[in-house]
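Worksheet: the structure to be examined is printed underneath.
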Amino acid sequence: MKLLLSIGAWVGIGVAIAVVLLLIIWIITSHNKLVAMSVQCDEAFSTIDVSLKKRFDLIPNVVNTVKGYASHESETLIRIVEARSQATTTNDKINLDNELSQAVNNLNMVVERYPDLKANANFMSLQAQLREIEIELAQSRRYYNATVRQYNVKLHSFPSSIIAGFMGLQPIAMFEITDYRERENVNVQF
Numbered sequence: 019m020k021l022l023l024s025i026g027a028w029v030g031i032g033v034a035i036a037v038v039l040l041l042i043i044w045i046i047t048s049h050n051k052l053v054a055m056s057v058q059c060d061e062a063f064s065t066i067d068v069s070l071k072k073r074f075d076l077i078p079n080v081v082n083t084v085k086g087y088a089s090h091e092s093e094t095l096i097r098i099v100e101a102r103s104q105a106t107t108t109n110d111k112i113n114l115d116n117e118l119s120q121a122v123n124n125l126n127m128v129v130e131r132y133p134d135l136k137a138n139a140n141f142m143s144l145q146a147q148l149r150e151i152e153i154e155l156a157q158s159r160r161y162y163n164a165t166v167r168q169y170n171v172k173l174h175s176f177p178s179s180i181i182a183g184f185m186g187l188q189p190i191a192m193f194e195i196t197d198y199r200e201r202e203n204v205n206v207q208f
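For my numbering, count along the sequence shown from 1 and bump the result up by 18.
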């Protein structure tokens, strides 16, 4: 009888050790997954940052071309290029991107007022490069939002939310439009 009790006690201890080991493995796995997802979000924003840098580098060339045709309209673009150096945080960069997007839209209206500018080969090349960068930015924003969505879902899902709470992880903001006029229907007139 004593032998059976000791075997039963050993089985109980073995089960307890197995449960503790499984719990430790789950904690480590959940921690590593959350860290990997956080790094993926950072990488996705970095991709946006690369496209923003390309756009910021291109804008002075556009400004110089536009200056010859409409010096007073180029002031907006110059101000935004100067603001680039002040953007250091993610939120600063997102706000600056929104401001620059509005300036690019304004540039398209300027082009309509200056037919000679529309025909300028240098300007046409710059405009094509700017259009390509805008497409890259749109794709990068979609990728960023997808990674942020996955991260935030994991962060709030049980039981990984327990580990996230211990790690002090916070949800990450999606890349959103802050100028609500951009959400309105575009009025196309001929």
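The beta carbon of each residue, even a glycine, is placed where N, CA and C say it ideally should be.
The model shown is predicted, which means the values in this text are computed figures rather than measured ones.
Query raised in the report: Between Gln188 and Tyr161, what straight-line distance do the alpha-carbon atoms span, to the nearest angstrom?
Result: By 1-based counting over the sequence shown, the position of residue 188 is 170. By 1-based counting over the sequence shown, the position of residue 161 is 143. Per the coordinates, the alpha-carbon of Gln188 lies some 20 Å from the alpha-carbon of Tyr161.
Give the DSSP-derived three-state secondary structure of Met192 in the structure shown.
Indexing the sequence shown from 1 puts residue 192 at position 174. Here Met192 carries a coil assignment [DSSP, helix/strand/coil].
Query raised in the report: Between the beta-carbon of Ile66 and the beta-carbon of Arg149, is there less than 9 Å?
Result: Position 48 of the sequence shown, counted from the first residue, corresponds to residue 66. Position 131 of the sequence shown, counted from the first residue, corresponds to residue 149. With respect to the 9 Å criterion, Ile66 and Arg149 are not classified as neighbours on the basis of their beta carbons.
* Determine, using beta carbons only, whether Ile151 and Leu52 come nearer to each other than 9 Å. => Numbered from its first residue, the sequence shown carries residue 151 at position 133. Numbered from its first residue, the sequence shown carries residue 52 at position 34. The Cβ atoms of Ile151 and Leu52 lie no closer than 9 Å to each other.
- [ ] Please confirm whether Trp44 and Pro177 have their CB atoms less than 9 Å apart.
- [x] Mapped onto the sequence shown, residue 44 falls at position 26. Mapped onto the sequence shown, residue 177 falls at position 159. Cβ distance < 9 Å, so Trp44 and Pro177 count as in contact.
query = For Val166 versus Ala62, is the C-beta spacing smaller than 9 Å?
reply = Taking the sequence shown and counting its residues from 1, one reaches residue 166 at position 148. Taking the sequence shown and counting its residues from 1, one reaches residue 62 at position 44. Result yes, Cβ atoms of Val166 and Ala62 sit closer than 9 Å.
Item to check | Member of Ala36, Lys111, Gly26, Ile46 whose CA lies at the smallest distance from the CA of Phe184 | outcome: Along the sequence shown, one-based indexing puts residue 184 at 166. That would be Ile46, whose Cα lies nearest to the Cα of Phe184.
List the endpoints of the continuous alpha helix (DSSP H) containing Leu187. As a first step, residue 187 must be located in the sequence shown, where it is residue number 169. Segment: none, Leu187 is in no alpha helix (DSSP H) and carries neither H nor E.
Helix, strand or coil for Ser175 per DSSP?
-> Taking the first residue of the sequence shown as position 1, residue 175 is located at position 157. When DSSP states are grouped into helix, strand and coil, Ser175 belongs to the coil group.
Please check the pair Tyr169 and Ser56, which I expect to be a contact at CB under 8 Å, by giving their CB distance rounded to whole angstroms. On the sequence shown, residue 169 is found 151 positions in, with the first residue counted as 1. On the sequence shown, residue 56 is found 38 positions in, with the first residue counted as 1. Their Cβ separation, rounded to whole angstroms, is 6 Å, which keeps Tyr169 and Ser56 in contact under 8 Å.
### Message
Let me confirm a value: Ser69 is counted as buried when at least 16 other C-beta atoms fall within 10 Å, else exposed. Which label applies?
### Response
As a working note, residue 69 is residue 51 in the sequence shown. Buried, because 16 or more other Cβ atoms sit within 10 Å of the Cβ of Ser69.
Practice prompt. Would you please state the rounded distance, in angstroms, between the beta carbons of Cys59 and Ile190? I believe it to be under 8 Å.
Written response: Along the sequence shown, read from residue 1 onward, the residue named residue 59 stands at position 41. Along the sequence shown, read from residue 1 onward, the residue named residue 190 stands at position 172. Going by Cβ atoms, the distance from Cys59 to Ile190 rounds to 5 Å, so yes, they are a contact pair.
For Asp117, tell me which candidate among Ala36, Ala164, Arg73 has the shortest Cα-Cα distance. In the sequence shown, residue 117 corresponds to position 99, counting from 1. A quick correction: the sequence has Glu, not Asp, at residue 117. The option with the nearest alpha carbon to Glu117 is Arg73.
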